[in-house]
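Peer 1: Take this structure, written in structure tokens, and hold onto it; I'll ask about it next.
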């Protein structure tokens with residue numbers, strides 16, 4: 008994805024410490040942003056009532072153009088990003104990203120709680 012010129016960030020309501028622990032455990036190669044008040048999460052439509060966050064992906068160009076906005080788990084959102092990268096003329100997303108998405112889906116169902124990406 009980065010080869011196609013995209014930057015990757017995670018966003019959650021978790022604390023910086025919780026995000027760091029999650030990032031290390033999942034071996035994520037991108038920064039996780041903290042939004043404890045859920046103000047940004049709510050503004051982009053991924054806040055669950057009364058408390059929580061829906062997984063999803065947003066692909067936004069530097070000029071502010073939204074190329075994709077889709078709720079869903081890691082596997083589904085990876086497919087969305089792959090389609091955007093292909094439209095941009097990129098070579099697609101590698102096997103490591105697909106393996107991470109599959110592992111995140113497995114962890115989510117195993118733990119019974121959403122890991123915020």
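Numbering (our numbering), first residue to last: 8 to 124.
Note that CB positions come from ideal geometry on N, CA and C, so glycine has one too.
Residue 53 and residue 78: beta carbons closer than 8 Å?
Peer 2: yes
Peer 1: Rank 42, 70, 67 by C-alpha distance to the C-alpha of residue 22 and give the top, closest one.
Peer 2: 42
Peer 1: Cα separation between residue 63 and residue 96?
Peer 2: 23 Å
Peer 1: Where DSSP assigns a beta bridge to residue 63, which residues make up the other side?
Peer 2: 78
Peer 1: Hey, residue 65 and residue 51: beta-carbon distance below 8 Å or not?
Peer 2: yes
Peer 1: Going by the CB atoms, is the gap between residue 37 and residue 17 shorter than 8 Å?
Peer 2: yes
Peer 1: Does the distance from the C-beta atom of residue 19 to that of residue 84 stay below 8 Å?
Peer 2: Not in contact: residue 19 and residue 84 (Cβ atoms no closer than 8 Å).
Peer 1: Figure out for me which residue from 30, 27, 25, 91 has the closest Cα to the Cα of residue 72.
Peer 2: Nearest of 30, 27, 25, 91 to residue 72, Cα basis: 91.
Peer 1: According to DSSP, is residue 69 helix, strand or coil?
Peer 2: coil
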